[in-house]
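Notes to accompany the following structure.
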Amino acid sequence: MAEMTYLEAINLGISEEMARDEKVVIFGEDVGGDKGGVFGVTKGLAAKYGDNRCFNTPLTEGLIGGLAVGLGVMGYRAIGEFQFADYILPATNQILSEARTMRYRTKGDWTAPIVYRTPYGGGVRGGLYHSQSTEKIFAGQPGLRVVTPSNPYDAKGMIKAAIRSDDPVIFYEHKRLYRLLKAEIPTDDYIVPIDKANVVREGSDITVISYGMMLQYAISAAEKLAKEGIDAEVVDVRSLYPLDRETLVNAAKKTGKVLLVTEDNKEGSIMSEIAAMISEDALFDLDAPIKRLAGPDAPSMGYALTLEREFLVNEDQVIEAMRELAEY
């Protein structure tokens, strides 16, 4: 065991897979050389595995998306890094039209074992082009997996599972968690399934469902409200698409009161689909309307600190929403 940040855990997971399988390659803008990516997630991999397996690309996101497809069908396990989740949009055609459909349109003869990694989320004053939550664009796209870890243990285990997947995975990494969270991480080989939600806290009064940075607020809020006698169940979505319907619905049925928290816009988010799912399967088990806490339906969070804070959900808002739901 070794104490690692979320960022270091992802680096270790990638390194272990590159050591295990020489067909694993990683590339992107500034990924190679000494820099190791804009946040340093791939730092040290080029020195360890060589410039042919960890290399830089031009500032062309469409190329990153397409190169991954080509390498994937040629038998490599390709990891393409987009510097920010906002930058992934020029590669959308390669991801949705080519990578996502590869197995289906070749009757299983070809697969696209690709991981597209990208940091997302706000709170670092990135503003437009550097803070958006683009995960909902790729939800509802069969053939594609969209996942995000919310702690260092999952970060290592899920990146390893994603690399071993024979189908394309978009791996979202919340940039505020990179150096915020530390935990003891096993240095042996383990994976965390990329198709399962996780009940991180058992509770009996209300259920809070979230992921990424917002999940950390939910966990902290649950511990504080426990002192007031409010016992909250907290669930980490982890697999944003496909959703783990069984775990999410069972958690809703257990308490009958559900709060969904996301830092994305409220309308059309991952949480909108979870709300529909719970309504379909657990409507008559609910004791209160499903409550959503989200960012405003604005085009982007602002760069200015005050505007960014206005956009982002904070822990106090999570606590208040949980308290209101418990009292309903």
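In terms of the numbering used here, the sequence shown is residues 84 to 411.
We put the beta carbon where it would ideally sit given N, CA and C, even for glycine.
Check: Who are G44's beta bridge partners in DSSP?; Outcome: Because residue 44 is not part of the residues shown, which for the chain are 84 to 411, the question remains open.
Check: Is the distance from the Cβ of A371 to the Cβ of D327 below 8 Å?; Outcome: no
Check: Given a cut-off of 8 Å, decide if D319 and V283 are closer than it, judged by their beta-carbon atoms.; Outcome: yes
Check: Grouping DSSP H, G and I as helix and E and B as strand, with all else coil, what is S322?; Outcome: strand
Check: Does the segment 327-339 come close enough to the segment 374-392 that 3 or more CB-CB pairs lie under 8 Å?; Outcome: no
Check: Locate the beta strand (DSSP E) running through Y203, then write down its first and last residues.; Outcome: I197 to Y203
Check: Go through its chain and collect everything with a Cβ distance to T194's Cβ below 8 Å, but skip five positions before and after it.; Outcome: G155, V156, M185, R186, D249 and D250
Check: Three or more C-beta pairs closer than 8 Å, one from the segment 380-399 and one from the segment 187-206: is that the case here?; Outcome: yes
Check: For A301 and V317, I'd like the C-alpha separation in whole angstroms.; Outcome: 7 Å
Check: In terms of residue numbering, what span does the beta strand (DSSP E) encompassing D347 cover?; Outcome: V341 to N348
Check: Q400 to Q224, Cα distance in whole Å?; Outcome: 32 Å
Check: With I402 and K307 assumed to form a contact (beta carbons below 8 Å), what rounded beta-carbon distance in angstroms separates them?; Outcome: 6 Å
Check: Use the C-beta contact count for N176: other C-beta atoms within 10 angstroms, 16 or more gives buried, fewer gives exposed.; Outcome: exposed
Check: Could you work out which residue in R103, A102 and G133 is closest to D117 when comparing CA atoms only?; Outcome: G133
Check: Between C137, L172 and Q215, which has its C-alpha nearest S383's C-alpha?; Outcome: Q215
Check: Among A305, H213, G158 and A266, which one has its Cα closest to the Cα of D192?; Outcome: G158
Check: Whole angstroms is fine: what's the gap from A129's alpha carbon to T140's?; Outcome: 14 Å
Check: Which two residues bound the contiguous alpha helix (DSSP H) that contains Y187?; Outcome: M185 to R188
Check: Around the C-beta of T345, are 16 or more other C-beta atoms found within 10 angstroms, so that it is buried, or is it exposed?; Outcome: buried
Check: Ends of the beta strand (DSSP E) at R328?; Outcome: No beta strand (DSSP E) holds R328; the alpha helix (DSSP H) holding it covers R328 to T338.
Check: Identify whether S293 lies in helix, strand or coil by the three-state DSSP scheme.; Outcome: strand
Check: So, with DSSP's three-state summary, where would you put E285?; Outcome: coil
Check: Could you tell me which whole alpha helix (DSSP H) segments of length 4 or greater appear in the segment 128-173?; Outcome: 128-132 and 144-156
Check: Leaving out the 5 sequence neighbours to the left and right, which residues in its chain are closer than 8 Å to I274 when beta-carbon positions are compared?; Outcome: G240, M241, K243, A244 and R247
Check: How is F110 classed by DSSP in three states: helix, strand or coil?; Outcome: strand
Check: Return the CA-CA distance between T143 and S98, expressed in angstroms with no decimal places.; Outcome: 25 Å
Check: Can you list, in chain order, the stretches of the alpha helix (DSSP H) that have 4 or more residues and sit fully within the segment 194-282?; Outcome: 218-221, 235-247 and 260-263
Check: By DSSP's criteria, E86 is part of a beta bridge. Which residues make up the other side?; Outcome: E267
Check: On the premise that M405 lies in contact with I268, defined as a C-beta separation below 8 Å, what is that separation, rounded to the nearest angstrom?; Outcome: 30 Å between Cβ atoms; not a contact.
Check: Alpha carbon to alpha carbon, how far is A102 from F110?; Outcome: 16 Å
Check: Would you give the residue range spanned by the beta strand (DSSP E) that L376 belongs to?; Outcome: K374 to G378
Check: Classify L298: buried if its beta carbon has 16 or more other beta carbons within 10 angstroms, exposed otherwise.; Outcome: buried
Check: Could you give the distance in angstroms between the alpha-carbon of F254 and the alpha-carbon of G210?; Outcome: 21 Å
Check: Counting only the same chain and skipping the five closest in sequence on each side, list residues whose C-beta sits under 6 Å from that of R136.; Outcome: V108
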